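To start, the structure under review is shown below, and the notes come after it.
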Amino acid sequence: MRLISRNKAFQAQARKSVSGIPDDIAGNATTRYAWVVLFRPTADGFIRLKVKNRLTFIFHFLSFIMIQKKRLIIAMTGATGAIYGVRMLQILQAQEQWETHLVISDAGVVNLKHEMDMKRAELFKLADVTHGINDIAASISSGGFKTEGMIIAPCSMKTLAAVAHGFGDNLISRSADVVLKERRRLVVMPRETPLNLVHIRNMASVTEMGGIMFPPMPAFYSKTDSLTAMVNETVGRVLDMFGVNVEGLYTPWEGL
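So the mapping is simple: the working numbering equals the position in the sequence shown, first residue as 1, plus 171.
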């Protein structure tokens with residue numbers, strides 16, 4: 172549980188003392204602030220509130236937002252379809268219970284500029300945490316860093332091949348390998364057509380390892396002529412696999 176206070180003076184006061192904090196709590200800085208300031212153990216065993224009066228205590232206590240954020244890795248490669256990764260980040264940015272970790276390849280940056288006239292810095296503003304493509308020591312490169320999984324949107328055939336063969340030559344393929352080995356959810360949105368036999372076999376390999384192939388193929392039963400609506404439908408269905416339900420993104424099929 173994360174306890175976050177926007178009052179900097181309150182946090183500064185909390186940093187002054189860390190004595191008496193249980194080991195399992197001490198590692199979480201934001202939790203530590205709350206423990207020290209609100210529930211600091213004393214030598215005689217009593218609990219002493221480190222606030223001047225009850226009103227101050229109530230004000231600061233209510234200023235804490237208790238959120239257990241879920242982490243989701245979003246990876247973008249050089250395949251066409253940058254809009255899918257961007258739209259996912261836009262949607263998740265509005266979901267306070269989710270924390271996004273973004274990785275984009277060099278080719279992905281080029282494609283982002285070409286397809287959406289968007290710079291890397293603009294994209295990074297949509298994510299909670301960003302990682303360099305070659306930062307193999309990043310948090311998401313370890314299975315010990317808990318995430319809900321990973322989405323590669325869009326996924327090039329090069330990245331698909333790397334994931335299929337466990338070739339962790341950059342942070343995208345390494346993170347995907349970690350997600351698979353930890354038995355977490357990996358959704359791959361491959362963008363290529365037509366497919367040769369190697370592409371198909373790589374998709375089969377990732378599927379056999381537990382990954383989900385989700386080619387961004389638009390559905391026409393919604394009878395929309397809007398590109399935005401088609402993108403939203405695909406993005407909505409992918410995010411639904413992680414329990415992210417946003418009203419209005421798409422209408423589930425209910426039969427005729």
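Note that CB positions come from ideal geometry on N, CA and C, so glycine has one too. Keep in mind the model is a prediction, meaning the values are calculated, not measured.
DSSP state of residue i mapped onto helix, strand, coil
i	result
ARG372	helix
VAL417	coil
ALA114	Any property of residue 114 remains undetermined from this structure, which presents the chain solely from 172 to 427.
ALA390	coil
GLY216	Bear in mind that the predicted position of GLY216 carries a pLDDT of just 45, short of 50, making it unreliable; the figure below should be weighed with that in mind. If DSSP states are grouped into helix, strand and coil, GLY216 belongs with coil.
LEU410	helix
THR395	coil
ARG211	For ARG211, the pLDDT reaches just 46, beneath the cut-off of 50, and the residue's location in the model is therefore unreliable, although a value from the coordinates is still provided. Strand.
LEU263	helix
GLU425	coil
LYS352	helix
MET401	helix
THR364	coil
LYS240	coil
Check whether residue i and residue j have beta carbons under 7 Å apart
i	j	result
LYS296	TRP269	no
GLY314	GLY279	no
ILE244	ILE304	no
LEU342	ALA298	no
MET321	SER346	yes
ALA332	SER344	no
MET328	GLU379	no
LEU420	ASN403	yes
VAL406	MET259	yes
GLY382	LEU357	yes
Own chain, CB closer than 6 Å to residue i, minus 5 neighbours either side, in chain order
i	result
THR247	One detail in the question is off: residue 247 reads as Met in this sequence, not Thr. So the qualifying residues of the chain are GLY256, ILE275 and GLY279.
ILE323	ALA246 and VAL359
ALA490	The structure shown does not extend to residue 490, since the chain is modelled only from 172 to 427, so the question has no answer here.
VAL369	none
ARG372	none
Beta-carbon proximity list for residue i, same chain, < 7 Å, skipping 5 on both sides
i	result
TRP424	TYR392
ASP306	LEU342
LYS290	LYS284
PHE316	SER310
PRO193	Caution applies to PRO193, whose pLDDT of 42 falls short of 50 and renders its modelled position unreliable; the model cannot decide the point.
LEU351	LEU357, MET380, GLY381 and GLY382
8 Å CB neighbourhood of residue i in its chain, flanking five on each side removed
i	result
ASP348	VAL334, GLY337 and GLY339
HIS272	ARG242, LEU243, ILE244, ILE245, ALA298, ASP299, VAL300, THR301, HIS302, SER310, ILE311 and THR318
Supposed contact pair residue j and residue i - C-beta distance, whole angstroms, cut 8 Å
i	j	result
VAL415	GLN261	With 8 Å as the limit, VAL415 and GLN261 do not qualify as a contact, their Cβ atoms being about 12 Å apart.
MET374	PRO389	At roughly 19 Å, the Cβ-Cβ gap does not stay under 8 Å, so MET374 and PRO389 are not in contact.
THR133	PRO365	Past the boundaries of the shown model lies residue 133; the chain is included only from 172 to 427, so the question cannot be answered.
*What are the start and end residues of each continuous alpha helix (DSSP H) run of 4 or more residues lying completely inside the segment 289-346, in chain order?*
DSSP runs (the alpha helix (DSSP H)) wholly in the segment 289-346: 291-295 and 328-335.
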